[in-house]
Structures are given as C-alpha cells and as structure tokens.
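See below for the structure under consideration.
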Amino acid sequence: GIKLSKLRAFFKENIKAIGEVKFVVSKRFIDEETGEPIPFKLIAISARRDGELRENCYRMNKFNQPEFDAEKYMRNFAAAGVVEPDLRNQELQDNYGVKSAEDLISIMLTAGEFNSLTAKLQEIGGFKTPQKMVEEAKN
123 GIKLSKLRAF
133 FKENIKAIGE
143 VKFVVSKRFI
153 DEETGEPIPF
163 KLIAISARRD
173 GELRENCYRM
183 NKFNQPEFDA
193 EKYMRNFAAA
203 GVVEPDLRNQ
213 ELQDNYGVKS
223 AEDLISIMLT
233 AGEFNSLTAK
243 LQEIGGFKTP
253 QKMVEEAKN
C-alpha cells in the first residue's frame with residue numbers, strides 16, 4: 123500500500139488548487155477604461171457538480187424513455203463554470219430578456235464563442251480534447 127506520508131498528498135488540504143482562470147471568450151465585451159476585451163473568470167467543475175448537471179438533463183422522449191439533452195447539459199456546464207460576469211445577476215438577465223444563467227450564456231455569446239468557452243472549461247476541468255489525445259498518442 124501507499125505509505126502514510128504519500129497518502130497525505132491526497133488529503134484535500136494538500137491538493138494543489140486550480141483556482142480561477144481568466145479567459146477572453148469574446149472581443150466584443152470591451153472595458154470602457156482600457157479599451158481591452160474583458161476576460162471571463164472561470165472555475166473547474168467538480169465531478170460531483172458535473173454529475174448533478176448531467177442528472178438534470180434527462181427528459182422523456184416520445185417512446186417514454188429517458189433521453190439525454192446534450193445542448194441543455196452544455197448550457198448548464200457553461201453557466202456553472204463562469205464566475206464573472208455574474209450570470210445570475212438579475213439586471214444582466216433582464217437586459218437580455220432571460221430568467222436564468224443558462225439562457226443568458228447561450229444568448230449573449232455567438233455559437234463560436236460558446237464553443238470556445240465550453241472547450242476552455244473542459245480543459246480547466248481536466249477533460250482531454252480529441253486534439254490533445256492525438257498529440258499524446260504521437261509521443
């Protein structure tokens with residue numbers, strides 16, 4: 123087995139924190155003072171939280187069988203990983219005419235921006251992109 127000293131490396135207080143990651147999702151959100159694009163602040167999503175997000179994305183299909191709604195999951199995943207801007211802010215939601223963080227993120231970003239955001243969140247969370255898997259296989 124693992125020696126106690128090595129086992130302690132797995133204790134939650136000893137794990138290296140991922141922390142917040144700044145990422146420019148779009149060049150369309152400009153800081154009025156600097157004229158620079160405003161980065162979003164992102165966090166890694168825990169396996170437990172990801173499971174909760176997935177659980178809430180099943181619906182019954184026309185054959186009365188559970189079906190996974192991948193689009194809903196990606197909206198939930200994106201909203202859960204964004205710390206800033208505050209997607210739960212009522213004023214921001216009202217400005218876009220939506221009532222949830224998930225709807226807000228999907229309406230305020232273009233399709234390409236949304237894909238870049240979710241790819242970055244997956245990277246932060248340790249998911250391997252197909253491109254990264256190919257690179258690792260070559261080495």
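Just so you know, the working numbering puts 151 at position 29 of the sequence shown, and the rest follows in order with no gaps. Ideal Cβ placement from N, Cα and C applies to all residues, glycine included. All of these numbers come straight from a predicted model, not from anything done at the bench.
In this structure, the beta-carbon distance from residue 171 to residue 200 does not fall below 9 Å. In this model, residue 210 and residue 169 are separated by some 22 Å (Cα to Cα).
DSSP, reduced to helix, strand and coil, places residue 249 outside both helices and strands of the structure shown, so it counts as coil. For residue 150, the three-state secondary structure derived from DSSP is coil. Between residue 147 and residue 228, the C-beta spacing is not below 9 Å.
The Cβ atoms of residue 179 and residue 166 do not sit closer than 9 Å to each other. The Cβ-Cβ distance between residue 236 and residue 196 falls below 9 Å.
Across the structure, residue 158 and residue 187 are spaced so that their CA atoms are roughly 49 Å apart.
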